[in-house]
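This report concerns only the one structure given below.
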Amino acid sequence: LATCWLGGALSARLYDRTSYDFPPPEGADDRFAVTAARVLRGGAFATALLVFATQLQLYGVVGFAQLGDSPATDAILLRSLDDLLRDVATEALVLLSWRLARTELSRLD
């Protein structure tokens, strides 16, 4: 999970000081909108990596399966879906909160 979010952060260039620093970049009205947009872009990439990794893992465990094949595979697929949704929502909330807080703190720099 952390590897996926690291990949997302690198793809959106969230390590760059201009992704959270004040004043806003030229042509942008709101620094927080720029920060949120970059975090969401990185989060979308990280989510895609996580979904792909989960699909590979499921393929290794049950092979090609879909809902309705058997109660056992249904349980595995639904558990994986639940894990994915919880992981993505939790990490998105935490990372977006941190980036917005860091953007606010950059006024003091």
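So the sequence shown is numbered by the numbering used here: it starts at -8 and just counts up by one.
We put the CB at the ideal spot given by N, CA and C, even for glycine.
Keep in mind that this is a model prediction, so the values were computed, not measured.
Whole angstroms is fine: what's the gap from residue 26's alpha carbon to residue -4's?
-> Between the C-alpha atoms of residue 26 and residue -4 there is a straight-line separation of about 16 Å.
CB of residue 68 within 9 Å of CB of residue 56, strictly = Yes.
Taking all protein chains shown into account, do 16 or more other C-beta atoms lie within 10 angstroms of the C-beta of residue 5, making it buried, or fewer, making it exposed?
-> By the neighbour-count rule (16 or more Cβ atoms within 10 Å), residue 5 is buried.
Terminal residues of the continuous alpha helix (DSSP H) containing residue 10?
-> In this chain, residue 10 is not harboured by any alpha helix (DSSP H), its DSSP state being neither H nor E.
Option in 10, -6, 76 with minimal Cα separation from residue 92 = The shortest C-alpha separation from residue 92 is found at 10.
When the Cα atoms are used, what is the spatial distance from residue 83 to residue 34?
-> So the alpha carbons of these two residues sit roughly 7 Å apart.
Cα-Cα separation, residue 90 to residue 61 | If you take the alpha carbons of residue 90 and residue 61, they lie about 43 Å apart.
Throw me the rounded Cβ distance for the residue -8 and residue 78 pair, which I believe falls under 8 Å.
-> Going by Cβ atoms, the distance from residue -8 to residue 78 rounds to 6 Å, so yes, they are a contact pair.
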